[in-house]
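Read the structure below first, then the notes.
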Amino acid sequence: MIKTFFLFPRMKRDMKGKRFADVAEVKEKTTDALSSISKDEFRQCFEKWNKRLDKCISVSYYDVAYLAEELQDIVSAMQPHFSSQPGTYYSDALFFLSLGLHRIALDQQRAAMFDADTKLQENIEELFQEFDRFGPDTLFGLAPELTPVYRHVLYLYRSHHKDTRFGEPLSSHNDQGFPGVNSGVILFRLDRMRTNSLYNQLLEAKAVTSLTNKYNFKGHLGDQDFYTLLAMEHPDLVHLLPCVWNRQLCTWWRDHGYRDVFDAFAYCDGAVKLYHGNCNTPIPND
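If you count the sequence shown from 1, position 129 lands on 129 in full-length UniProt numbering, and the numbers rise without skipping.
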């Protein structure tokens, strides 16, 4: 069985779209392409994999700058609505490329994406079993947001829609509250993304503007903001992963005006399968 990994570091143009068949070739071809830090981390990872796995590992490299050009229609549609200001962390095109992953990894049918600040506690095979729980139209799998960030972002909308479940913890509204989703872990049905006309229409600038206007929404978290609106507006397209597959550790909002509701949002019952150390939060060493 071939394991395929798609990596998106900032690389030289001559490496874009390269695909490597084995570990030895990867090590040879990437020597001059990666920064010193990335090179060391990359080498360490593959040395570990090479020792532990008796399987073929296929690695594809993609140049982020090149992809940003290829997906400029998506990036330009999203940036005005889901970036706090030009030049900030989440304004980078990298944080919108997942929305067009179906146009990048053309020979792949399914994929999983993880933030760099995550740590698996269980076999990743269990996560892939979540694909079996997708509905016939489901494109994505994301876990709930475990902070009141969207309660904050939706202040104006919520002030005019007192009974909305949008921006509420999962436990509210008879366990039908919707706090938004977190993009630290994403499952993709790339095959369906390519053929779903509704989804591809929703990526257009006019549709994004209409959706953000409906909810008086001005976000700052990149693709996560779009996934949140998509899940609210078209829940059949997004499967809600159990929170234990993205146990976010950020407590920033607890100390910035939302202490009274924070615990309700952060509640996640069950054994943690993946930690997410967002907000630079240390991840437990257990």
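For each residue, glycine too, the CB sits at the ideal point set by N, CA and C. Quick caveat: nothing in here was measured; it's all calculated off a predicted structure.
Asked                                                                                       : Found
Delimiting residues of the alpha helix (DSSP H) encompassing V153                           : V149 to V153
Integer Cβ distance of T281 from L249, believed to fall under 8 Å                           : 4 Å
Euclidean distance between Cα positions of L202 and I124                                    : 31 Å
Alpha helix (DSSP H) runs wholly inside the segment 48-123, at least 4 long, in chain order : 64-70 and 72-82
Inter-residue Cα distance where the pair is R19 and A116                                    : Only weak support exists for where R19 lies, its pLDDT of 44 falling under 50; the value from the coordinates is given anyway. Taking the straight line from one Cα to the other gives about 22 Å.
When A93, L101 and E122 are compared against G270, the one with the closest alpha-carbon    : E122
Exposure of P148, with buried meaning 16 or more beta-carbon neighbours within 10 Å         : buried
Cβ shell of M232 (< 7 Å), same chain only, five flanking positions each side left out       : F166 and F178
Exposed unless 16 or more other CB atoms sit within 10 angstroms - verdict on S183          : buried
Residue range of the unbroken beta strand (DSSP E) whose run includes F134                  : Note, F134: premise wrong, no beta strand (DSSP E); not H, not E.
Test item: CB-CB of A205 and A93 under 8 Å                                                  : no
Given L170 as reference, the closest of N246, A264, E41 and H276 once Cα atoms are compared : A264
6 Å Cβ shell around residue 291 - same chain, five flanking residues per side excluded      : Outside the modelled stretch of the chain, which goes from 1 to 286, sits residue 291, for which no answer is possible.
The beta strand (DSSP E) enclosing L274, as first and last residue numbers                  : L274 to H276
Contact with chain C by N246, beta-carbon distance below 8 Å                                : In the structure shown, chain C cannot be found, because there is only a single protein chain.
Which of helix, strand or coil DSSP assigns to A143                                         : strand
CA nearest to the CA of Y150, picked from G219, Y61, L211 and L101                          : G219
Rounded separation between W252 and F262 - CA only                                          : 10 Å
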